[in-house]
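Colleague:
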Amino acid sequence: MRSHDYDLDFRDRVRRVRAWGIGLLSVAGLLWTWCAVLLLMPYEVDRRPDDKYPEECESRLLTDGDTANEGLRRSDWCEHERDWPEALAVLGLSAPVSVAGAMLFTGGSVSSRMSAHAEAMRMLDGLAERPPTKHQS
378 MRSHDYDLDF RDRVRRVRAW GIGLLSVAGL LWTWCAVLLL MPYEVDRRPD
428 DKYPEECESR LLTDGDTANE GLRRSDWCEH ERDWPEALAV LGLSAPVSVA
478 GAMLFTGGSV SSRMSAHAEA MRMLDGLAER PPTKHQS
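Mapping the sequence shown onto the working numbering, position 91 (from 1) lands on 468, and the numbers just tick up by one.
#1: State the CB to CB distance for the pair TRP397 and LEU481, rounded to an integer number of angstroms; the pair is presumed to be in contact (CB under 8 Å).
#2: When burial is assigned at 16 or more other CB atoms within 10 Å of the CB, is VAL474 buried or exposed?
#3: Tell me whether GLU515 sits in a helix, a strand or coil according to DSSP, three-state version.
#4: Pull up the DSSP beta-bridge partners for TYR420, would you.
#5: Does CYS439 come out as helix, strand or coil in the three-state DSSP assignment?
#6: Please classify SER471 as buried or exposed, where buried requires at least 16 neighbouring CB atoms within 10 angstroms.
#7: Where does LEU407 land, buried or exposed, given buried means 16+ other C-beta within 10 angstroms?
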């Protein structure tokens, strides 16, 4: 296999690695969005199946009350519907996914740039090794 063919195969592999990194970073972004929705958006809770008037609940993070856990002491329906462990589990799951995605994307980008640099250096070496041409007037 010639070096140019090997370089093209290498760049194809690097593009796939970088694409995996972008995919994992996208998944991490979706997980962060899900966590933000769980913590910041108001929601409704049915007190019984097919409840026509569900109880409206404030977001877990932004409340008008003293704390987000205030209703837990009085057995509030809202507090049992969305709890902190679910949001923290989603956030915890996003951490290794985002780290892996960032590593793959960075490694693929650096490898691609280094391959392009090496090709440019080979071309410059080839130009430097050519004998000088004489111009006729």
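Every residue gets a Cβ at the ideal spot worked out from N, C-alpha and C, and that includes glycine.
Modeller: Looking at the atomic coordinates:
#1: Locating residue 397 in the sequence shown gives position 20, where the first residue counts as 1. Locating residue 481 in the sequence shown gives position 104, where the first residue counts as 1. Confirmed, about 5 Å.
#2: In the sequence shown, the residue the question calls residue 474 occupies position 97. The residue in question, VAL474, is buried, as its Cβ has 16 or more Cβ neighbours within 10 Å.
#3: A query on residue 515 cannot be resolved here, the shown segment of the chain reaching from 378 to 514 and no further.
#4: Mapped onto the sequence shown, residue 420 falls at position 43. TYR420 pairs with CYS434.
#5: Reading the sequence shown from its first residue, position 62 is the one you call residue 439. Strictly speaking, residue 439 in this sequence is Leu, with Cys absent from that position. Three-state result, LEU439: coil.
#6: What you label residue 471 is simply residue 94 of the sequence shown in a count that begins at 1. Classification for SER471: buried.
#7: Here residue 407 corresponds to residue number 30 of the sequence shown, with the count starting at 1. LEU407 sits exposed, since fewer than 16 C-beta atoms from the chains shown fall within 10 Å of its C-beta.
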